[in-house]
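One structure is given here, and the rest of the page talks about it.
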Amino acid sequence: MTNQNFRFTKKHEWVLPLNENRARIGITDHAQQELGDIVFFENGEIGDQLAAEDSIGVIESVKAASEVYSPLTGKIVKVNENLEDEPELINNDPLESGWLLEIEYSHPEELENLLSEADYQSFINEGEE
Amino acid sequence: MSDWKTLFHKDQFRFIDHTNSIEPVTALDAFAVDDALALSVEKGASPTTMRIWTHDQTVVLGIPDARLPFIKEGVSWLNQQGYQAVVRNSGGLAVVLDKGVMNITLLFADGNKIGIHEGYQMMVGFIQELFADYTDQIKAFEVKGSYCPGDYDLSIDGKKFAGISQRRVKNGVAVQIYLSIEADNQARAKLIESFYKLGLQGEKSKFAYPTVEPNTMEALATLLNKPLTIDFVKNRIREKLTDLTKELQQNDLTAIEKEMYQKRKQQMIVRNKKALGDLFHE
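Protein chains in written order, with the working numbering: chain A, 922 to 1050; chain B, 24 to 305.
Set out below in structure tokens:
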């Protein structure tokens, strides 16, 4: 069971609100398993303004390169610099030390559109049936 | 979606031949075009699409290659040999493109329903079908000692002639394969072997770069003992698509796709500048 504040998208990103206007973003365990060994995260730049569903970077694994999207409108304010030398953190600990970046979000109501952990698990299970 | 042919049996299918066109100019442009098409397919603005393309004297690098301890020496040497270096956006490691190598991109939607493995299987199925008159021995498994090794290396008798990568943009998927049709694939492998020797210079690195053994690779023409050419394979692809699909459209990029291509090209330029610094030339 993860922190109850985590929210998820159907594109397999997670969002963890850190305070009323800042949130951390990463990819889910399901996503990292699908991608396989991750070799690189090409992140967006600090200061980049994003609309919800804009690209925030590209994750490259030994199998494929996939764009990652911002679940929220806002501005990139921090990137996980540890991923530069240790991209495998995304595989090893996707919900904690493998986070991707933090954004200052401007439309908190968008959080309401995201999935709870239970709803996300149901969504994954439907796809696997 | 277990049968790869399902993808080709849609009501409409699109074929784009860029093997003889002036644009895309470089391999960098080619990857931007595939991004634009992946987005177009994803939005439903284009049916499932196959694009074929070639680029002469190019070494396409992966991001890990750009972190070789002596990347400058490696790329400078490639330039001296007459090869342009481009960092691609679809994962993987260094591969050689030239006039004897055909690239095929398969672009389809529903990436949320079609997994990475299935995406690869679709390309494998098509290539096996494409050459089914000549051989039933095309196998997909990692060929150790080849350049850019991966689970979806295509080989005959253990000699690799093709490799596949995959890029996912929203729910659009681009599966890209290079097919070394014309000889000399061992010469291509020797080029990459030398590139890694120069790029590593014996230093240990965190990333495991391949130790290339040229005798693990061979051109398809050599493996099949047939005088295969790019033009011959191009025609064969067109014939095969005509057989497989219900309605085959043949056209070029739309105005909207060209606009998206320009945006994606800028992203590719940024990526290449970041990865290669002064070694990158637009």
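Think of the CB as a built atom: it goes at the ideal place given N, C-alpha and C, for glycine as much as any other residue.
Would you grab the beta carbon distance between residue i and residue j for me? Rounded to a whole angstrom, and I think it's under 8 Å.
| i | j | result |
| --- | --- | --- |
| A:Ile997 | A:Ile967 | 5 Å |
| B:Val83 | B:Ala50 | 6 Å |
| B:Ile200 | B:Ile150 | 7 Å |
| B:Phe327 | B:Leu243 | Within the shown structure, residues of chain B are numbered from 24 to 305, placing residue 327 of chain B beyond reach of any answer. |
So is residue i in contact with chain A if we call contact Cβ pairs under 8 Å?
| i | result |
| --- | --- |
| B:Ile127 | no |
| B:Gly173 | yes |
| B:Val192 | yes |
| B:Val294 | The identity of residue 294 of chain B in the sequence shown is Arg, whereas the question assumes Val. Yes, its Cβ sits closer than 8 Å to a Cβ of chain A. |
| B:Gly215 | The displayed chain sequence assigns Ile, not Gly, to residue 215 of chain B. It does not; no Cβ of chain A falls within 8 Å. |
| B:Gln272 | no |
| B:Gly138 | yes |
| B:Ser228 | no |
| B:Gly114 | yes |
| B:Gln285 | no |
Rounded to whole angstroms, what's the CA-CA distance from residue i to residue j? Just pull it up for me.
| i | j | result |
| --- | --- | --- |
| B:Val256 | B:Asn43 | 14 Å |
| A:Asn1001 | B:Gly168 | 34 Å |
| B:Ser99 | B:Tyr284 | 28 Å |
| B:Glu152 | B:Lys288 | 33 Å |
| B:Val166 | B:Ala231 | 15 Å |
| B:Ala206 | B:Val198 | 24 Å |
| B:Lys281 | B:Asp57 | 11 Å |
| A:Glu1038 | A:Arg945 | 16 Å |
| A:Leu1021 | B:Asp275 | 37 Å |
| B:Gln80 | A:Pro1029 | 51 Å |
| B:Glu226 | B:Ile253 | 39 Å |
| A:Asn924 | A:Gln953 | 19 Å |
| B:Val109 | B:Glu141 | 28 Å |
Apart from the five residues just before and just after residue i, which ones in its own chain have a Cβ nearer than 7 Å to its Cβ?
| i | result |
| --- | --- |
| B:Ser69 | Arg37, Leu60 and Ser63 |
| B:Lys95 | Leu302 |
| A:Gly995 | Leu971, Ile1024, Glu1025, Tyr1026 and Ser1027 |
| B:Met146 | Leu129, Ile187, Val198 and Ile200 |
| B:Val119 | Val82, Arg211, Leu214 and Ile215 |
At least one CB of chain B closer than 8 Å to the CB of residue i: is that the case?
| i | result |
| --- | --- |
| A:Glu963 | yes |
| A:Glu955 | yes |
| A:Val936 | no |
| A:Ser982 | yes |
| A:Glu988 | yes |
| A:Ala973 | no |
| A:Ala985 | yes |
| A:Val979 | yes |
Residue i bridges to which residues according to DSSP?
| i | result |
| --- | --- |
| B:Met125 | B:Leu202 |
| B:Arg111 | For B:Arg111, which the question treats as bridged, DSSP gives no partner whatsoever. |
| B:Phe36 | B:Thr71 and B:Leu271 |
| B:Glu46 | For B:Glu46, which the question treats as bridged, DSSP gives no partner whatsoever. |
| A:Phe929 | A:Trp935 and A:Leu1036 |
| B:His41 | B:Trp76 |
| A:Ile980 | A:Phe962 and A:Ser987 |
| B:Gln189 | B:Val198 |
| A:Tyr1026 | A:Gly995 |
With a threshold of 8 Å on Cβ separation, who are the neighbours of residue i within its own chain once the five nearest residues in sequence on each side are excluded?
| i | result |
| --- | --- |
| B:Leu91 | Gly97, Tyr219, Gly222, Leu223, Ser228 and Tyr232 |
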